[in-house]
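Those letters in the sequence shown? Residues 1 to 208, per the numbering used here, in order.
Ideal placement from N, C-alpha and C gives every residue a C-beta, glycine not left out.
Only a predicted model underlies this, so the values are computations on that prediction, with no experimental measurement involved.
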Amino acid sequence: AGQLKNRGAGKIPADEMLSIGLERTRASASYRYQAETKLIAEGQDNTVFFSQVTGEIVAPADIHMVGTMMNTPIEFIQAGDNSYFKDQSSGKWIPLPGNKLAYSELFYAELNPMAYFNFKDVTGLKHTGTEKVNGEELLVLELRPNLIDPFLELRLTDYRYKLWLDPRDYRLRQAALKAKDKQTPGGEVDINLRLWDYDQVPPINPPS
């Protein structure tokens, strides 16, 4: 994939930035990511659900993820067709052969963050300029998408996204997602993602 060197960063339309950026992000051989998910109930500082994980993904579907969900440590590896959970009390890995847990709706943000970027359509798309993030000047897009995934549309509604793209190749570097939770009155889900080290992650192997 070329880097659009003849077309200055931010000089192409916002819809092209978005489509090129997501296409190149998905086409990456590997990347590292951080995901933080929070469900907050209405009118109070009441966190119903919280997870914070870091992970790495190697195409097509190998994953190593570690973090916490509701203050409980969690570590997971998917290598080939096999999934492994680490038992935190014993330190032993528990195999789940043939179980592609990474595609489960229960762990989208933690194990499959790009699931949130399969759009049915997009409204309100605008390029709002650039922002410096961790010392890097990144392109900023804001949008209100409808998602293809029926599970995500069933549980959540009114998605609002803010995306930060690499000006060199438009790949996704950071995202802030907000949506209303249909199952929690007045509840809102906040998801913050960060992606880096594109095409630099070594192979992920089953735990030894």
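E142 is the residue among E142, S51 and A176 whose C-alpha sits nearest the C-alpha of T128. Closest option to M69, judged by alpha-carbon separation, among Q88, P13, L154 and R194: Q88. As computed with DSSP, Y84 is found in a beta bridge with I77 and P95. Restricted to the segment 109-173, the beta strand (DSSP E) segments that are unbroken, complete and at least 3 residues in length are 119-133, 136-147 and 156-165, listed in chain order. Scanning F119, E75 and R32 for the CA closest to the CA of Y159 turns up F119. Annotation: L163 to D81 spans about 32 Å, alpha carbon to alpha carbon. Segment contact: the segment 32-40 against the segment 182-196, three or more CB-CB distances shorter than 8 Å; contact assigned. Distance check between G186 and each of Q174, N134 and L156 places L156 closest, using alpha-carbon atoms only. Residue environment for E23: exposed (fewer than 16 other C-beta atoms within 10 angstroms of its C-beta).
A Cβ-Cβ separation of about 18 Å leaves P202 out of contact with Y84 under the 8 Å criterion. Following the DSSP letters along the chain, one finds G21 inside the alpha helix (DSSP H) bounded by residues A14 to R26. N71 counts as exposed, since fewer than 16 other beta carbons sit within 10 angstroms of its beta carbon.
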